[in-house]
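Accompanying notes for the structure given below.
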Amino acid sequence: MSADIHTDADEVLDVREIDGQPFDPIMTALGELSEGETLLLVNSFEPEPLYEVLTERGFEYETEQRGPRKWHVRIENA
Numbered sequence: 001m002s003a004d005i006h007t008d009a010d011e012v013l014d015v016r017e018i019d020g021q022p023f024d025p026i027m028t029a030l031g032e033l034s035e036g037e038t039l040l041l042v043n044s045f046e047p048e049p050l051y052e053v054l055t056e057r058g059f060e061y062e063t064e065q066r067g068p069r070k071w072h073v074r075i076e077n078a
């Protein structure tokens with residue numbers, strides 16, 4: 001994976017802008033990725049519960065804390 005995970009994603013989803021639970025919008029965005037494409041998920045906290053779901057569905061991910069309340073998760077449809 002890239003050392004600079006926030007610059008090379010095919011799609012970006014900032015769930016900090018979503019009113020309510022972000023799980024469904026995340027799953028929708030992931031479902032729209034083609035093989036080899038990436039999604040940059042921007043969140044206000046590390047989305048640890050999401051990691052198991054990603055692994056079970058065959059996605060690879062890399063997480064980086066970008067600030068006190070800003071996390072980037074680069075998710076690849078492997």
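Its first residue numbered 1, the sequence shown is counted upward by one per residue in UniProt numbering. C-beta atoms are modelled at their ideal positions from N, C-alpha and C, and glycine is treated no differently.
Check: Within this structure, are the beta carbons of Ile26 and Leu41 separated by less than 8 Å?
Finding: The residue you call residue 26 lines up with position 26 of the sequence shown. The residue you call residue 41 lines up with position 41 of the sequence shown. Yes. Within cutoff.
Check: With distances taken from CA atoms, which of Asn43, Asp24 and Ala29 is nearest Pro68?
Finding: Numbered from 1 along the sequence shown, position 68 holds the residue referred to as residue 68. Comparing Cα-Cα distances from Pro68 to each of Asn43, Asp24 and Ala29, the minimum goes to Asn43.
Checklist line | Exposure label - Val73; buried when at least 16 CB within 10 Å | finding: Here residue 73 refers to the residue found at position 73 when the sequence shown is read from its first residue. With 16 or more Cβ atoms within 10 Å of its Cβ, Val73 is classed as buried.
Checklist line | Endpoints, the beta strand (DSSP E) within which Phe59 is located | finding: Residue 59 sits at position 59 when you count from the first residue of the sequence shown. Residues Phe59 to Gly67.
Next item on the list: Measure how close the beta-carbons of Leu30 and Ala9 come, nearest whole angstrom, since I'm counting them as under 8 Å.
Entry: Here residue 30 is taken as the residue at index 30 of the sequence shown, counted from 1. Here residue 9 is taken as the residue at index 9 of the sequence shown, counted from 1. Contact doesn't hold; Cβ gap of about 12 Å is too wide.
Note to self: For Pro49, count the other beta carbons within 10 Å of its own beta carbon; 16 or more makes it buried, fewer makes it exposed. Which is it?
What the structure shows: As a working mapping, residue 49 is identified with position 49 in the sequence shown. Classification for Pro49: exposed.
Next item on the list: Give the DSSP-derived three-state secondary structure of Glu76 in the structure shown.
Entry: As a working mapping, residue 76 is identified with position 76 in the sequence shown. It is a strand residue.
Checklist line | Tyr61 versus Gly20: straight-line alpha-carbon distance, rounded | finding: For the purposes of this step, residue 61 is taken as the residue at position 61 of the sequence shown. For the purposes of this step, residue 20 is taken as the residue at position 20 of the sequence shown. Looking at the two C-alpha atoms, the distance is approximately 23 Å.
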